[in-house]
Amino acid sequence: MKLGVLFSGGKDSAFACHRAMAKDEVACLITVLPVNPESYLFHTPNVSLTALQAEAAGLPLVSVESEGVEEAEVADLSRAISRAVEEHGIEGVVTGAIHSVYQATRIQRVCHDLDLWCFNPLWQRDEEEYLEEIVSSGFRFLISGVSAAPFDKAWLGTEVDRGTLDELKALARRYRMNPAGEGGEYETFVTDAPFFRKRIEVLRASREYHGDRGIYRIEDARLVAR
Amino acid sequence: MILVVDLSYRPGSLSLDEFVTPVERIVRQEGYPARIRHYTDISHQDIASAGGAIFCGTALADFGYLEGLERFAWLSSFPCPVLGICAGMQVLVRVYGGDVYPATGIGMAEQQVVAPDPLLAGRDRFPAYELHCLAVESPPSFMVLATSLSGAQIIRHQDRPVYGVMFHPEVRNEWLIGRFLSLCLPEGCAHLG
Numbered sequence: 338m339k340l341g342v343l344f345s346g347g348k349d350s351a352f353a354c355h356r357a358m359a360k361d362e363v364a365c366l367i368t369v370l371p372v373n374p375e376s377y378l379f380h381t382p383n384v385s386l387t388a389l390q391a392e393a394a395g396l397p398l399v400s401v402e403s404e405g406v407e408e409a410e411v412a413d414l415s416r417a418i419s420r421a422v423e424e425h426g427i428e429g430v431v432t433g434a435i436h437s438v439y440q441a442t443r444i445q446r447v448c449h450d451l452d453l454w455c456f457n458p459l460w461q462r463d464e465e466e467y468l469e470e471i472v473s474s475g476f477r478f479l480i481s482g483v484s485a486a487p488f489d490k491a492w493l494g495t496e497v498d499r500g501t502l503d504e505l506k507a508l509a510r511r512y513r514m515n516p517a518g519e520g521g522e523y524e525t526f527v528t529d530a531p532f533f534r535k536r537i538e539v540l541r542a543s544r545e546y547h548g549d550r551g552i553y554r555i556e557d558a559r560l561v562a563r
Numbered sequence: 095m096i097l098v099v100d101l102s103y104r105p106g107s108l109s110l111d112e113f114v115t116p117v118e119r120i121v122r123q124e125g126y127p128a129r130i131r132h133y134t135d136i137s138h139q140d141i142a143s144a145g146g147a148i149f150c151g152t153a154l155a156d157f158g159y160l161e162g163l164e165r166f167a168w169l170s171s172f173p174c175p176v177l178g179i180c181a182g183m184q185v186l187v188r189v190y191g192g193d194v195y196p197a198t199g200i201g202m203a204e205q206q207v208v209a210p211d212p213l214l215a216g217r218d219r220f221p222a223y224e225l226h227c228l229a230v231e232s233p234p235s236f237m238v239l240a241t242s243l244s245g246a247q248i249i250r251h252q253d254r255p256v257y258g259v260m261f262h263p264e265v266r267n268e269w270l271i272g273r274f275l276s277l278c279l280p281e282g283c284a285h286l287g
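Going line by line, the protein sequences match chains A and B. All you need for the numbering used here is the position in the first sequence, starting with 1, plus 337. All you need for the numbering used here is the position in the second sequence, starting with 1, plus 94.
Next up, the structure:
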């Protein structure tokens with residue numbers, strides 16, 4: 338089955354893509370670029386770099402812009418998926434939803450209306466077990482945004498590896514937050530994945546942090562040999 | 095052992111991760127051994143050693159499980175408790191002489207309990223995650239226990255612990271699977287047959 342992966346550049350959509358490639362044919366990545374940084378449905382930090390990630394993976398990218406206004410985002414998503422059907426003949430869509438019924442419901446409705454299959458290979462996974470698997474299976478990703486109290490500025494740009502994963506899990510337990518950050522507590526940017534042909538090297542980035550919120554803005558990056 | 099049946103379009107599909115593994119995880123967390131089998135690959139040994147069976151849901155676009163219903167003939171003489179979730183409920187209904195018809199429900203929906211049952215003790219109304227585009231006409235041998243705006247949501251055989259649930263209890267209503275498991279016999283109930 339030819340599939341399109343809804344791809345934000347973060348760890349969940351990248352891992353969903355990895356799972357989909359193990360079982361079916363991934364024909365393209367699909368990105369919605371929200372103009373509004375407060376988007377309800379879509380991941381925002383560094384999402385324009387999905388083009389570089391798609392190049393790293395050797396996959397075509399279908400991207401459309403969205404005003405990022407609640408519910409109108411669903412129409413933008415439908416437009417993006419329809420383009421992927423026209424350009425790449427996809428028969429189904431893959432998402433990185435884990436527990437977000439809000440996200441899953443909207444994507445399921447769009448796929449149903451377009452007569453497409455919808456797959457959520459991370460659905461209902463135990464977050465800690467999932468984080469262990471993603472770190473141990475060759476993904477490299479850094480914290481690209483934070484919006485919860487336990488995360489200070491020092492987390493911005495930090496790569497999540499064995500050591501920081503333990504720290505992340507401890508924080509999640511102490512503050513009773515979702516360890517996978519699906520509620521927006523933190524966002525990630527994938528620099529390497531098992532399906533990448535090249536990895537991404539960040540050349541220049543800046544950190545913005547106000548209150549409990551911050552963004553690690555990647556200003557320049559390039560592909561290098563893995 | 096609890097037999098966890100994958101009704102998706104092919105063995106080992108992406109739907110296994112989404113609809114079957116989450117149910118299996120709940121079964122194990124409740125302390126019961128579980129065995130996943132695709133519906134095209136269930137052996138006599140699987141059936142004989144099961145103390146209960148859970149038929150899992152599928153992707154919205156997947157209806158292959160409704161073809162070749164003779165594969166499920168063993169269900170009518172299976173002596174242990176059965177829980178059919180969404181697609182699994184549709185299979186149960188068809189096996190017992192009921193039918194399915196188009197009716198879509200996607201997202202959280204309020205469930206109204208309309209008949210008492212130990213499985214639903216203490217629950218009058220509760221929200222649940224629906225993901226279906228078919229609904230069921232309950233067979234005469236079943237009674238409706240709960241409904242939502244998109245039709246019958248929980249049904250039960252009049253005489254046996256055979257349940258169908260249209261919503262997905264593995265999402266936010268794991269308690270229902272836990273209560274169902276308390277009816278099952280981990281060591282198998284072939285001796286009851």
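The C-beta atom is built at its ideal place from N, Cα and C for all residues, glycine as well.
(request) Compare the C-beta of S107 (chain B) with all C-beta atoms of chain A and state if any pair is closer than 8 Å. (result) yes
(request) Would you kindly work out how many angstroms separate the C-alpha atoms of V259 (chain B) and D452 (chain A), rounded to a whole number? (result) 24 Å
(request) Check whether the Cβ atoms of G151 (chain B) and L225 (chain B) lie closer than 8 Å to each other. (result) yes
(request) In the DSSP assignment, find the unbroken alpha helix (DSSP H) run with V483 (chain A) in it and report its ends. (result) First-last for V483 (chain A): R477 to S484, but that is the beta strand (DSSP E), not the alpha helix (DSSP H).
(message) Can you give me the C-alpha to C-alpha distance between Y190 (chain B) and Q461 (chain A), rounded to a whole angstrom?
(response) 31 Å
(request) Starting from the C-beta of A197 (chain B), find all residues in its chain whose C-beta is less than 7 Å away, skip the five residues before and the five after it, and write them out in chain order. (result) L228, A229, S244 and G245
(message) With DSSP as the reference, identify every bridge partner of V176 (chain B), one or two as the case may be.
(response) B:A147 and B:V256
(request) Closer than 6 Å by C-beta to S143 (chain B): which residues in its own chain qualify, once you throw out the five before and the five after it? Chain order, please. (result) M95 and G282
(request) Please compile the residues from chain B whose C-beta is within a distance smaller than 8 Å of the C-beta of R446 (chain A). (result) I200 and G201
(request) Take the Cβ of L110 (chain B) as the centre, count every other Cβ of all protein chains shown within 10 Å, and call the residue buried at 16 or more, exposed below. (result) buried
(message) Does the contact criterion of 3 or more C-beta pairs under 8 Å hold for the stretch 507 to 521 of chain A versus the stretch 461 to 471 of chain A?
(response) yes
(request) List the DSSP bridge partners of Q123 (chain B). (result) None, per the DSSP bridge assignment.
(message) Could you compute how far the alpha carbon of P173 (chain B) sits from the alpha carbon of S437 (chain A)?
(response) 37 Å
(request) Determine, using beta carbons only, whether G272 (chain B) and E112 (chain B) come nearer to each other than 8 Å. (result) no
(message) Counting beta carbon pairs with one atom in the stretch 199 to 206 of chain B and one in the stretch 236 to 243 of chain B, are three or more of them shorter than 8 Å?
(response) yes
(request) Measure from the C-beta of H449 (chain A) to each C-beta in chain B and report whether the shortest distance is under 8 Å. (result) yes
(message) Please list, in chain order, the chain B residues whose beta carbon lies closer than 9 Å to that of D361 (chain A).
(response) S107 and L108
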